[in-house]
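Take the sequence shown: its letters are residues 1 to 498, numbered as in UniProt numbering.
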Amino acid sequence: MGEPLLLALDQGTTSTRAILFGADGLALGEAGRPLQQHYPQDGWVEHDAEEIFQAAVAVLKAAVETAGRELSAIAAIGITNQRETVVLWDRATGRPVHKAIVWQDRRTEPVCARLRAAGREARVTELTGLLLDPYFSGTKLAWLLDHVPGARAAAEAGELLAGTIDTWLIWKLTGGRVHATDATNASRTLLYDLRKGGWSAEMAAMLDVPLGILPEVRDCAGDFGETDAAILGRAVPIRGVAGDQQAALMGQGCVRPGEMKATYGTGCFMLINTGETAPISQARLLTTVAAQVGGRTTYALEGAIFIAGAAIQWLSEGLRIPGGPQAAEALAAEANDDLGVVLVPAFTGLGAPWWDAGARGALFGLTRDAGLPEIARAAFDACALQTRDLIEAMRADAPKAFHGEVELRIDGGMAKSPWFSQRLADLTGVSVCRATYQETTALGAALFAGVGAGIYRDPAEAAAARPKTEAYGPRMDVDPRERAYARWLDAVARVRTT
Numbered sequence: 001m002g003e004p005l006l007l008a009l010d011q012g013t014t015s016t017r018a019i020l021f022g023a024d025g026l027a028l029g030e031a032g033r034p035l036q037q038h039y040p041q042d043g044w045v046e047h048d049a050e051e052i053f054q055a056a057v058a059v060l061k062a063a064v065e066t067a068g069r070e071l072s073a074i075a076a077i078g079i080t081n082q083r084e085t086v087v088l089w090d091r092a093t094g095r096p097v098h099k100a101i102v103w104q105d106r107r108t109e110p111v112c113a114r115l116r117a118a119g120r121e122a123r124v125t126e127l128t129g130l131l132l133d134p135y136f137s138g139t140k141l142a143w144l145l146d147h148v149p150g151a152r153a154a155a156e157a158g159e160l161l162a163g164t165i166d167t168w169l170i171w172k173l174t175g176g177r178v179h180a181t182d183a184t185n186a187s188r189t190l191l192y193d194l195r196k197g198g199w200s201a202e203m204a205a206m207l208d209v210p211l212g213i214l215p216e217v218r219d220c221a222g223d224f225g226e227t228d229a230a231i232l233g234r235a236v237p238i239r240g241v242a243g244d245q246q247a248a249l250m251g252q253g254c255v256r257p258g259e260m261k262a263t264y265g266t267g268c269f270m271l272i273n274t275g276e277t278a279p280i281s282q283a284r285l286l287t288t289v290a291a292q293v294g295g296r297t298t299y300a301l302e303g304a305i306f307i308a309g310a311a312i313q314w315l316s317e318g319l320r321i322p323g324g325p326q327a328a329e330a331l332a333a334e335a336n337d338d339l340g341v342v343l344v345p346a347f348t349g350l351g352a353p354w355w356d357a358g359a360r361g362a363l364f365g366l367t368r369d370a371g372l373p374e375i376a377r378a379a380f381d382a383c384a385l386q387t388r389d390l391i392e393a394m395r396a397d398a399p400k401a402f403h404g405e406v407e408l409r410i411d412g413g414m415a416k417s418p419w420f421s422q423r424l425a426d427l428t429g430v431s432v433c434r435a436t437y438q439e440t441t442a443l444g445a446a447l448f449a450g451v452g453a454g455i456y457r458d459p460a461e462a463a464a465a466r467p468k469t470e471a472y473g474p475r476m477d478v479d480p481r482e483r484a485y486a487r488w489l490d491a492v493a494r495v496r497t498t
């Protein structure tokens, strides 16, 4: 039979991908398809759920074929997904009643503002660990029920089902036999009681969402049924499910309290495992489920930086520095640190821990001696200094998680750069561990499936299968590091509106 293989389905915001892994964590084959974006109005973002399913089937088959393997060698499928995107569909026909509303969509901001004005946010955070924001699934689902003709009546009659993208894919892949989600995705809906570990009747009533349309919540490494044999050509068990950032946390091996990861894409998502403690953040970080395995739930604090890699893109497109990110990095490496130029890239506001939507970007400290190298350096440094903001917030919210030597595990586009990895270590003052294999989200989904299929005994054994990493320790002295951070905090204070 050979070694058992694990097939990961990574359904993201801009593409749908599948990667076939060996039990040793090495990728054997992959396939992907881009995903069309729909923008019906300003601030509205939608996806075609049927397109997502068809792409999922295609890439699952193609990844196995690319690797030259047979479906019979696949021990299990693991699914990871864009977390807060929501679908509402007809139970009988399996057809969505509307396009999926994407996590980026802002159409429900008036509902969130009304609930905030009514003083409901503190209770929402207490129950769910989240903030009242259209980012999350609950208000999107309520919008669908209220704006699709006949949807609310059909839902109350038991004719409709709802779920995030993982739930939709599970339901479709199993031929409509399994309507389920995992605890990480459930914890991002505004409808999940974080500490009781189930759907919240109080939140469902607050958002006017019938509980009967919601999926069953299961472990991340668990039984989600089998694919319908007619879909892939053979029934394949689905044994792992996790939202994208939690899957990346697993793929980075962050299975113990205090272990943390940051993913640098357009923005940056950073999570720290807090173990079985679910702290309420005083810095407006999000408390979320990190994983649920064997009925045991572990939690994480999460912070989001709006602009990370997008700041480097701005250098190329906004300042017209030719040569792309590599040229910008080479320019940044030449900069004179003593000039103290600071860029606050609040192009779309500031994310955690500031949460200031009205803030806008600014450059500080320009002198006659400053030029493009210093501005480029400031753009890279802004990513590192925003990361330190999150580290400091997490340290305050979960002090028990910070014990011994602190290590930040990184992935994503910017993490491919050894220079940035070292700069990140210097400006945060923590050790940085760079993943040499960057597809940690898909890997995490595969590892969860491996636990669910019994290939690994537990998440710790699964995490040991991740590929090697490269470590970078801080080289900068404390005084210049603290001066750089003080300049950053001063600059942030100057652009803030709240």
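Note that the Cβ used here is the ideal one computed from N, Cα and C, for glycine as well.
Considering only C-alpha positions, which residue in the set the options is nearest to residue i?
| i | options | result |
| --- | --- | --- |
| Leu315 | Leu363, Thr139, Arg496, Ala352 | Leu363 |
| Arg239 | Thr181, Val97, Leu343 | Thr181 |
| Glu51 | Gly12, Gly323, Pro40, Tyr456 | Gly12 |
| Pro474 | Leu408, Thr498, Val236 | Leu408 |
| Pro40 | Glu159, Ala262, Ala352, Val102 | Val102 |
| Gln313 | Ala300, Leu285, Phe347 | Phe347 |
| Gly138 | Arg107, Ala122, Ala153 | Arg107 |
| Asn81 | Leu385, Ala396, Cys220, Gly309 | Cys220 |
| Pro215 | Leu160, Ala442, Gly365 | Leu160 |
| Gly22 | Gly323, Ile455, Ala486 | Ile455 |
| Lys61 | Pro353, Leu191, Ala235 | Ala235 |
| Thr498 | Pro110, Pro353, Leu331 | Pro353 |
| Gly309 | Ala382, Gly349, Ala113 | Ala382 |
| Pro34 | Asp42, Gly43, Ala117, Phe53 | Phe53 |
What does a CB cutoff of less than 7 Å around residue i pick up in its chain, not counting 5 residues either side in sequence?
| i | result |
| --- | --- |
| Arg256 | Asn273 |
| Ala155 | Leu145, Pro210, Ile213 |
| Gln104 | Val45 |
| Ala63 | Leu7, Ala18, Ile19, Leu20, Gly29, Glu30, Ala31 |
| Arg395 | Phe402 |
| Arg195 | Ala278 |
| Trp488 | Val342, Leu385 |
| Asp24 | Ala465 |
Output needed for residue i: all residues of its chain with C-beta closer than 6 Å, excluding positions within five of it in sequence on either side, in chain order.
| i | result |
| --- | --- |
| Ala67 | Leu20, Leu28, Gly29 |
| Val148 | Val97, His98 |
| Pro237 | Ala76, Glu226 |
| Gly253 | Ala463, Arg466 |
Within the continuous beta strand (DSSP E) that includes residue i, where are the two ends?
| i | result |
| --- | --- |
| Trp354 | Run containing Trp354: none; DSSP gives neither H nor E here. |
| Met270 | 268–275 |
| Ile213 | Careful: Ile213 lies outside any beta strand (DSSP E) and carries neither H nor E. |
| Leu408 | 407–412 |
| Ile77 | 74–81 |
| Trp89 | 86–90 |
Along the chain, where does the alpha helix (DSSP H) that runs through residue i open and close?
| i | result |
| --- | --- |
| Arg395 | 372–397 |
| Thr16 | Careful: Thr16 lies outside any alpha helix (DSSP H), inside the beta strand (DSSP E) at 15–22. |
| Leu5 | Looking at the DSSP string, Leu5 is not in any alpha helix (DSSP H); the run it does join, the beta strand (DSSP E), is 5–11. |
| Ala485 | According to the sequence as given, residue 485 is Tyr; it is not Ala. Run containing Tyr485: 478–495, per the alpha helix (DSSP H) assignment. |
| Thr167 | 165–173 |
| Asp244 | 244–251 |
| Glu65 | 49–66 |
| Ala465 | Counting along the chain, Ala465 falls outside any alpha helix (DSSP H), and DSSP gives it neither H nor E. |
| Leu232 | 229–232 |
Skipping 5 residues on each side, what residues in its chain have a beta carbon closer than 8 Å to that of residue i?
| i | result |
| --- | --- |
| Arg481 | Asp426, Leu427, Gly429, Pro474 |
| Ser421 | Ile410, Ala415, Val432, Arg434, Glu470, Tyr472 |
On the three-pair Cβ rule with 8 Å, is the segment 322–331 touching the segment 297–307? no
Give a yes or no on contact between the segment 400–418 and the segment 285–297, applying the rule of three or more CB pairs nearer than 8 Å. no
Is it true that the segment 444–462 meets the segment 244–256, where meeting means three or more beta-carbon pairs spaced less than 8 Å apart? yes
Segments assigned alpha helix (DSSP H), at least 4 residues, entirely inside the segment 118–154: 121–128, 137–147
Minimum length 3: unbroken beta strand (DSSP E) runs contained in the segment 295–364: 296–305, 342–344, 362–364
Can you give, in chain order, each stretch of the beta strand (DSSP E) that sits fully within the segment 176–203 and has at least 3 residues? 180–182
Between the segment 382–394 and the segment 417–436, can you find at least three pairs of beta-carbon atoms closer than 8 Å? yes
Uninterrupted alpha helix (DSSP H) stretches inside the segment 416–446 (no shorter than 4 residues): 418–428
Stretch-stretch touch, CB-based, cutoff 8 Å, three pairs: the segment 259–273 with the segment 330–341: no
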